[in-house]
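Participant: Count the sequence shown with this note's numbering and you get residues 1 to 133, in order. For each residue, glycine too, the CB sits at the ideal point set by N, CA and C. Could you have a look at this structure, given as structure tokens, before my questions?
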Amino acid sequence: MNQQITYEGGCACGAVRFRASGSPIRVGMCHCMTCRRVHGSAFGSYAIFERGAVTMAGNTREWQSSEQGRRHFCPLCGSVAYMMYADRDEIAIPLGAFDETALFEPAYELWCKHKESWLPQGVRPEYDEERTH
Ligand SMILES: [Zn+2]
Ligand SMILES: [Zn+2]
């Protein structure tokens with residue numbers, strides 16, 4: 001039997017639910033203009049899992065937010081549900097979608113050229129734009 005830890009969460013109205021198994025590949029924050037807008041917030045924060053580690057229930061609508069980015073949201077309540085990539089076997093789940101708080105701490109920040117000046121600086125590695133792998 002697989003005894004891996006699981007994390008559950010979903011959208012604000014409960015129509016979309018997910019369960020992620022194991023540890024995230026990475027956890028980060030993003031200050032890009034798209035993340036700002038979709039979250040209606042100063043930044044987005046995500047736990048990125050392998051796509052196969054996450055099971056989903058409920059319908060989402062999807063839109064193409066960048067060449068490879070596919071953002072899914074709940075059509076009932078509008079919550080950001082998750083993000084997938086056409087060219088990567090990964091799924092990015094917003095930290096605010098998990099049922100519990102303080103599960104994960106971001107290890108880096110992307111698109112800091114758009115970071116609000118009132119946010120703490122220098123807490124973790126900051127990249128002007130995308131992370132260079
Ligand atoms: Zn919903
Ligand atoms: Zn972003």
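1. Measuring CB atoms only, is the segment 37-46 touching the segment 81-99, in the sense that at least three cross pairs come out at less than 8 Å?
2. Cβ atoms of Cys30 and Leu103: under 7 Å apart, would you say?
3. So is the beta-carbon of Ala15 under 6 Å away from any non-hydrogen atom of ligand 1?
4. Classify Glu90 as buried or exposed, calling it buried when 16 or more other Cβ atoms lie within 10 Å of its own Cβ.
5. Is Leu119 near ligand 3 - that is, is its Cβ less than 6 Å away from at least one heavy atom of it?
6. What would DSSP say about Leu110, mapped onto helix, strand or coil?
7. Who's in the neighbourhood of ligand 2, going by beta-carbon under 5 Å from any heavy atom, listed in chain order?
8. Would you kindly check if the distance between the Cβ of Ser45 and the Cβ of Pro125 is under 7 Å?
9. Going along the chain, which residues of its own chain have a beta-carbon closer than 6 Å to the beta-carbon of Gly22, five neighbours each way excluded?
10. Are Asp87 and Cys112 touching if we call contact CB-CB under 7 Å?
11. Do you know offhand how far Ile48's Cα is from Tyr82's?
Facilitator: Taking the structure as given:
1. A contact exists between the segment 37-46 and the segment 81-99.
2. Contact flag unset, no.
3. Closer than 6 Å to some heavy atom of ligand 1: that describes the Cβ of Ala15.
4. Classification for Glu90: buried.
5. Absent from the structure shown: ligand 3. Ligands present: ligand 1 and ligand 2.
6. In the three-state reduction of the DSSP assignment, Leu110 falls in the strand class, which pools E and B.
7. Those satisfying the condition are, in chain order, Cys30, Cys32, Cys35.
8. Going by C-beta atoms, Pro125 is not nearer than 7 Å to Ser45.
9. Excluding sequence positions up to five before and after Gly22, its CB lies within less than 6 Å of the CB of Gln4, Ala53, all in the same chain and listed in chain order.
10. Inclusion of Asp87 and Cys112 in the CB contact set at 7 Å is not warranted, their separation being larger than that value.
11. Ile48 and Tyr82: Cα-Cα distance of roughly 10 Å.
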